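In what follows, a structure is listed as structure tokens, so that the remarks can point back to it.
Number of protein chains: 2
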Amino acid sequence: MGSDKAPKPEIEGALQAARHHGARVLLVGPEARLKSELARYPGARRLPIEVVHASEVITMDDKVEAIRAKRDSSIRVGLRLVREGRAAGFVTAGNTGAAMATAKMVLGALPGVDRPALAAAFPTVLNTAAVLLDVGANVDCEPVNLAQFAVMGDIYCRAIFGMQRPRVGLLSIGEEEGKGNDLTREAFQLLKQLPINFIGNVEGRDLYNGDVDVIVADGFVGNVALKTSEGVARLVRAVLKETLRSTITRQVGALLSRNAFSDFKKRLDHTEYGGAPLLGVKGVCFITHGSSNTNAIKNAVRVASEFAAGRVNETIARELARLRPAAALQTS
Amino acid sequence: MGSDKAPKPEIEGALQAARHHGARVLLVGPEARLKSELARYPGARRLPIEVVHASEVITMDDKVEAIRAKRDSSIRVGLRLVREGRAAGFVTAGNTGAAMATAKMVLGALPGVDRPALAAAFPTVLNTAAVLLDVGANVDCEPVNLAQFAVMGDIYCRAIFGMQRPRVGLLSIGEEEGKGNDLTREAFQLLKQLPINFIGNVEGRDLYNGDVDVIVADGFVGNVALKTSEGVARLVRAVLKETLRSTITRQVGALLSRNAFSDFKKRLDHTEYGGAPLLGVKGVCFITHGSSNTNAIKNAVRVASEFAAGRVNETIARELARLRPAAALQTS
């Protein structure tokens, strides 16, 4: 029930994930409504899709108290299915803060993880994927949290994007070791000791150039970087549209180039990446953009399935347990 | 001597600023070289342009020690001209870190300013200008620093962009008052008390939407936001170019739309905004991008002149002195 146009993208995304990726999907929300919507799709009955009732819905404007009070919200019910082992993972396009808070509460953290982190994947100039974490689960972080994010990001990249040895960078302001703020300078020392391919500090302009695969930041900085990117993308779209429409010649030109613009849109389409996993919780939880369409939901269901099948959480717990005795990952 | 193609953009920018804006320009750098370059422009002799000798040049790779050691660098000599009152302001496209450090050392801070801040101006969807500060002068800030940035940004916007009552926002992750990290939550309380048009928290996606005129952040976060924007802009350019070139039809379309693309480039052109002032130092210091062209230098000289003529620094010192007795701006 989370997306801006819920439940249509969720239902259609579930149908496509079932049809094309063999996923079995539990749709969580008001039963009567979901069943009547589902009945519109003739093929649905032959697909492994079930409805699980949840009487409440968390809105984008709900505050913390409201979120806690809605014990039968679709987010809470969905995450309970994961905890109880009735679902391999949970996907939501709803209120990100509510989803994160509820996942931490209902699922709890994996052993060895002090703070779960939200990891966003996006495309680069080289058409590779890069992963930025944390993009908003933790606003004030300790160096050890960033070290754990690095390990989780590395494992996620290997499991989901099939990278052998992802290059892990620390988001800072200057490439030299001494550059950055107190947090990043201390985190740098921890990241150096980890058995990952740590390439040092990277800057905001490196996020999209394909030179780094996993970018580690505290949740405040990561969130600002992600949302600033959205802002720039909107600015570019608005200005491009305006300038291309201003004369007939340009309109004809734009018409001839229209496939280029649709390719362009596709290349930069975040819906291909399946949303952001909350890494470090005991279970699989993917949060997608509120503007998610059918494709975004389909891909999120696919990637969540891969995440569960790839036993990413087991690997995270094992790696962090192995590292914990080392100075690098002890909570101070 | 600072830009990537120095001294050509500097010399041509100075010529244009002299010709079109009546600026008198002192070109600082190796005298023989600058004079021989200047001799190539026949009109130069009739313009009020002089050369001031500086035997050393700070490179982009120079470390702090090298910067300190080069006592006769063009940056140091230029800033000394400002301190001695022989120049109304200084413009450089050189090493940003070196320029900031040298300006703080040579000029010192204005009374009432604990930390000078670098302020970057950029275009919005609505074709207005917005100013983000600090974009890199201070990595670890106290709430009081952010309050001073807000006052300086407000004054800068009024003086240079002619805004009556700029809307000042605090860069955070969520709009509600309680959202953000420890620093922004405390800063929020100080900003509320200031005699400025404080509109509360803004997010990364608001930077470019025209809803806010002055955006306040610590230098780490501001720098990440600025450089991330550069990264996205490069990604968009690269992908657009690639997709528009991939078939003949698209190439023809792109050719017909080429004026649109040049308009587009112009709308988003940072060179129109005249670079970033280091606000809060006793003197006028503008730092432009290393890739600055003639237009960027011309505009930086123009804006630096306006900054000096508008007595922005006097206003900053007066406003901060007036506010200092208030709890809001006392250094804790």
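As they're listed, the protein sequences go chains A and B.
Each residue of the first sequence is one higher than the one before, counting from 1 in our numbering.
Each residue of the second sequence is one higher than the one before, counting from 1001 in our numbering.
For glycine and all other residues, C-beta sits at the position ideal for the given N, C-alpha and C.
Predicted, not measured: the structure shown is a model, and the values here were computed from it.
Under 8 Å between C-beta atoms of residue i and residue j
i          : j          : result
A:Asp-218  : A:Asn-138  : yes
A:Gly-222  : A:Met-60   : no
B:Asn-1110 : B:Ala-1119 : Per the sequence presented here, residue 1110 of chain B reads as Leu, with Asn not at that position. Contact: no.
B:Pro-947  : B:Val-1303 : As displayed, chain B neither begins before 1001 nor continues past 1332, which places residue 947 of chain B out of reach and without an answer.
B:Val-1028 : B:Ala-1069 : no
A:Ala-103  : A:Leu-278  : yes
A:Leu-26   : A:Glu-10   : no
A:Leu-107  : A:Gly-231  : no
A:Leu-256  : B:Val-1052 : no
A:Leu-47   : A:Ala-18   : yes
A:Ala-99   : A:Ile-297  : no
A:Ser-16   : A:Thr-247  : In the sequence under discussion, the amino acid at residue 16 of chain A is Gln, which differs from the Ser named in the question. Not closer than 8 Å, so no.
B:Ile-1287 : B:Thr-1128 : no
Option in the options with minimal Cα separation from residue i
i          : options                                        : result
B:Leu-1190 : B:Pro-1116, B:Val-1168, B:Gly-1174             : B:Val-1168
A:Asp-206  : B:Gly-1204, B:Leu-1235, B:Ala-1187, B:Val-1077 : B:Leu-1235
B:Ser-1229 : A:Ile-248, A:Asn-209, A:Asp-213                : A:Asn-209
B:Gly-1204 : B:Phe-1286, B:Ala-1321, B:Ile-1215, B:Phe-1198 : B:Ile-1215
A:Leu-320  : A:Asp-154, A:Thr-247, A:Ser-305, A:Gly-178     : A:Asp-154
B:Arg-1158 : B:Glu-1306, B:Lys-1008, B:Ala-1233             : B:Glu-1306
B:Phe-1220 : B:Tyr-1156, B:Asp-1140, B:Gly-1174             : B:Asp-1140
A:Ile-196  : A:Val-52, A:Ser-3, A:Ala-147, A:Leu-244        : A:Ala-147
B:Arg-1165 : B:Tyr-1156, B:Ile-1173, B:Leu-1126             : B:Tyr-1156
A:Met-105  : A:Val-82, A:Ala-44, A:Arg-258                  : A:Val-82
A:Pro-7    : A:Arg-33, A:Gly-22, A:Asn-313                  : A:Arg-33
Contact belief for residue i with residue j at Cβ below 8 Å, rounded distance in angstroms
i          : j          : result
B:Val-1334 : B:Leu-1170 : Within the shown structure, residues of chain B are numbered from 1001 to 1332, placing residue 1334 of chain B beyond reach of any answer.
A:Ala-150  : A:Leu-194  : 6 Å
A:Arg-311  : A:Gly-112  : No, A:Arg-311 and A:Gly-112 are not in contact; Cβ-Cβ is about 15 Å, not under 8 Å.
B:Val-1091 : B:Gly-1275 : 7 Å
A:Glu-333  : A:Ser-36   : Outside the displayed range of chain A (1 to 332) lies residue 333 of chain A, so it cannot be described from this structure.
A:Ala-317  : A:Gly-89   : Incorrect: roughly 16 Å between the Cβ atoms, too far for contact.
A:Ile-58   : A:Gly-94   : 6 Å
A:Ala-238  : B:Val-1125 : 5 Å
B:Glu-1175 : B:Gly-1200 : 6 Å
B:Met-1163 : B:Asp-1213 : 6 Å
Three-state secondary structure (DSSP) of residue i
i          : result
A:Ser-332  : Here A:Ser-332 scores only 47 on pLDDT, less than 50, and its place in the model should not be relied on; the value that follows carries that caveat. A:Ser-332 falls in the coil class under three-state DSSP.
A:Cys-141  : coil
A:Pro-123  : strand
A:Asn-209  : coil
A:Thr-59   : coil
A:Ala-327  : With a pLDDT of only 49 at A:Ala-327, under the threshold of 50, the placement of this residue in the model should not be trusted, and no figure is reported.
B:Glu-1242 : helix
B:Val-1252 : helix
A:Pro-277  : strand
A:Thr-92   : strand
B:Val-1151 : helix
B:Val-1050 : The residue you asked about is not Val; residue 1050 of chain B is Glu in the sequence shown. Correct three-state label for B:Glu-1050: strand.
B:Val-1301 : helix
B:Ser-1003 : coil
B:Gln-1016 : helix
B:Val-1284 : coil
A:Gly-112  : coil
B:Glu-1314 : helix
B:Arg-1167 : strand
B:Gly-1200 : strand
A:Val-135  : coil
B:Ser-1073 : strand
A:Gly-97   : helix
B:Leu-1194 : coil
A:Ile-173  : coil
B:Gly-1022 : coil
Contacts that residue i makes with chain B (C-beta to C-beta distance below 7 Å)
i         : result
A:Leu-229 : Looking at the sequence shown, residue 229 of chain A is not Leu but Ser. In chain order: Thr-1228, Val-1232.
A:Asp-182 : Asp-1140
A:Ser-257 : Leu-1244, Arg-1250, Gly-1253, Ala-1254, Ser-1257
A:Val-224 : Leu-1171, Ile-1173, Gly-1204, Val-1221, Val-1224, Ala-1225
Where residue i meets chain A, residues with beta-carbon distance less than 9 Å
i          : result
B:Leu-1146 : Within 9 Å Cβ-Cβ: nothing; B:Leu-1146 doesn't reach chain A, min ~14 Å.
Per-residue contacts from residue i into chain A (C-beta, under 8 Å)
i          : result
B:Glu-1186 : By Cβ distance, chain A contributes nothing, its closest Cβ being about 12 Å from B:Glu-1186, past 8 Å.
B:Arg-1205 : Lys-227, Thr-228, Glu-230, Gly-231, Arg-234
B:Tyr-1208 : Gly-231, Val-232, Arg-234, Leu-235
Under 9 Å from the C-beta of residue i: neighbouring residues of chain B
i         : result
A:Phe-338 : Any answer about residue 338 of chain A is impossible in this case: the structure gives chain A only from 1 up to 332.
Contact list for residue i against chain B, beta-carbon separation under 8 Å
i         : result
A:Gly-136 : Ile-1173
A:Ala-238 : Val-1125
A:Asn-313 : Chain B residues near A:Asn-313: none, gap ~26 Å exceeds 8 Å.
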